[in-house]
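Residues in the sequence shown are numbered consecutively from 4, following this note's numbering.
No residue lacks a Cβ here, since even glycine has one placed at the ideal position from N, Cα and C.
To keep things clear, I will list the structure first and then write my remarks on it.
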Amino acid sequence: MSIRIKDLCAVTTFASKISAAFLIAFGCVSIPAQAQDAAAGAKTLDDLLLQVKKADQKDAALNKEREARFAASRDQQASLLGEAKRAKEALEAESAALQRQFEVNDKEIADLMASRDASAGNLGELFGVMRQSAGDFASAARNSMLTVQFPERIAQLDRLAQTKTMPPIEDLQGFWFEMQREMTEGGKVARFNASVTQPSGERTKKNVLRVGPFVAISDGKFLSYETGSDSFSVPPKQPPGHFLSTAKSFESQETGYHPMILDPSRGVLIGLYSQRPEVMERIHVGGWVAYLILLVGAIGAGLAIYQFFYLTIVTAKVNKQLSNLNQLDKGNPVGRVLASFKGSAMPKDEDAEVVELRISEAVLKELPAIQRIQPFVKLVVAAGPLLGLVGTVIGMIETFQSITESGSGDPKLMAAGIGKAMIATVLGLGIAIPLLFINSALASRSKRLVQILDQQSTGLLAETLEARQGGAGAAHA
């Protein structure tokens, strides 16, 4: 049987491929890609052999090149490994040196701490006292209105009072400085700008005048200071007017000595004084009885004052008339009485008894104008305490009613009724006592005028009788 070379080559190529695949599957040999390509392109066995040989040579050259590269890399890695070992040894040596230095430093620190503790002695106790003092002064500083002017000191004092370690010398010096400044500024009158809260809640910058740590004023009004606040506030109710006038006058001054209201309690007393009700508020508490008492008292006082001035004027006219009885003036009681029975007005043929009665009638005509209003003033003097007693009874009734409703545990519940009772009593006595003195003055003046009228009328009667007796004797002779 004849076989063609082409068929043989195909068979050989197929067999080689099968063998290569078999060997690759079992991992026995690795067929290079060049050999496979050569086997695929060979036409004869010689070509195949030649191509396989070339492929082997080429693979061998690649392998040598690769081995050379691996060797160079190996030498480089060995060099790097050596350098790493040398660096490690240097670092280990440095670490050992640092460890020895650390031990030396640690021992030195321990020695220094022992020396510090030995040198400190009682500084620990001193530090505790200082911290307590800083805490106490921080509380005092919060209660002082100087904090509004120097607000930064609170944080410094709190830090010093809360520290757990010995503070630096700067903090201790700052603590001493703040204590000294509190004492120094407490004796000064200072002006500075500060935040002031109005009663409406509006907060504005104002020029504030501080008188030591006692009072602060702005725009003629007293300011209040809340503990720990960084601003002042204007109380909704100010002290009485004379307090405000004094404060306003003091605020307008720049130098010299001037009177000023001081509060040693640093605002507490002025605040309590401001809460006191004014006169009209007290009267309003007294209710309708208080207004009735005031109305009666005002009417009585007005009439009494009118009558007092009337009697004063009449007394002056009467004294002037007494100094000149030859010229009678009918503008005063004495002049009118004398003018009725002197000269042509003197009766000639009437009996003495009738003349006496006529003179008494003339005097009696003058008495109502002289003694008027006095009975009403006496009535007001008597009615004032009685009206006050009415108000007292009404106030006590309200007090007992509040006790019945809420008990007697809270005195404020009874204060309104008791206040109403006392105010009515005070008002009743307040109008009665002055009117009593005024009525006494009116009675004294009126009695003096009546006495003068009686004296002059008696003298007129005696003069008339003497004139008649003289006329009768002349006629008999």
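Under DSSP, A193 takes part in a beta bridge, and its partners are R213.
Minimum Cα-Cα distance from K208 among the listed residues G215, N196, K57 and P202 corresponds to N196.
DSSP places F153 in no beta strand (DSSP E); its state is neither H nor E.
Positions of the alpha helix (DSSP H) runs, each at least 4 residues long and wholly inside the segment 263-343, are given as 271-277, 282-289, 291-325 and 336-342 in order along the chain. DSSP places V218 inside the beta strand (DSSP E), whose first and last residues are V218 to S221. Between T428 and G391, the C-beta gap is smaller than 9 Å, which places the two residues in contact. Per DSSP, the unbroken beta strand (DSSP E) holding K224 starts and ends at K224 to Y228. Fewer than three Cβ pairs drawn from the segment 390-406 and the segment 250-268 lie within less than 8 Å of each other, which leaves the two stretches out of contact. Annotated three-state conformation of R206 is strand, per DSSP. Taking all protein chains in view, the Cβ of V199 is crowded by 16 or more other Cβ atoms within 10 Å, so the residue is classified as buried.
DSSP, reduced to helix, strand and coil, places T249 within a helical segment of the structure shown. The segment 438-445 makes contact with the segment 292-311; the number of CB pairs closer than 8 Å reaches 3 or more. By the neighbour-count criterion, in which 16 or more other beta carbons inside 10 Å mark a residue as buried, F178 falls on the buried side. Where M186 is concerned, the enclosing alpha helix (DSSP H) starts and stops at I172 to E188. Put simply, the segment 177-191 does not touch the segment 260-273. Fewer than three CB pairs are less than 8 Å apart. For S405, the uninterrupted alpha helix (DSSP H) segment begins and ends at Q377 to S409. The beta carbons of I406 and M417 sit about 6 Å from each other, so the pair counts as a contact at 8 Å. For P371, the number of other beta carbons within 10 angstroms of its own is below 16, and it is reported as exposed. If you check the CB distance, G215 and I157 do not come in under 9 Å. Contact between V292 and I397 holds, with the beta-carbon distance rounding to 6 Å and staying under 8 Å.
In chain order, L314, I373, Q374 and Q377 place their CB closer than 8 Å to the CB of S449, counting only its own chain and leaving out the 5 sequence neighbours on each side.
Two segments are said to touch when three or more pairs of C-beta atoms, one from each, lie closer than 8 Å; by this definition the segment 271-281 touches the segment 235-242.
Looking at E229, L295, L306 and G303, the one whose alpha-carbon comes closest to that of R269 is E229.
Within the same chain, no residue comes within 6 Å of D50 by CB-CB distance, once the 5 residues on both sides are set aside. C-alpha of T150 to C-alpha of S227: approximately 13 Å in a straight line. With respect to the C-alpha of L382, the residue from V340, R103, S76 and G303 having the closest C-alpha is G303. Contact between A193 and Q152 holds: their C-beta atoms lie close to 7 Å from each other, under 8 Å. C-alpha of V218 to C-alpha of A419: approximately 32 Å in a straight line. Going by beta carbons, I434 and V321 fall outside the 9 Å limit.
For the 9 Å CB-CB criterion, P154 and D233 form a contact.
In this structure, the alpha-carbon of L163 lies about 13 Å from that of S142. In this structure, the straight-line span from the alpha carbon of R451 to that of F246 is close to 46 Å. If you ignore the 5 residues before and after F130, its C-beta comes within less than 7 Å of the C-beta of M169, all in its own chain and listed in chain order.
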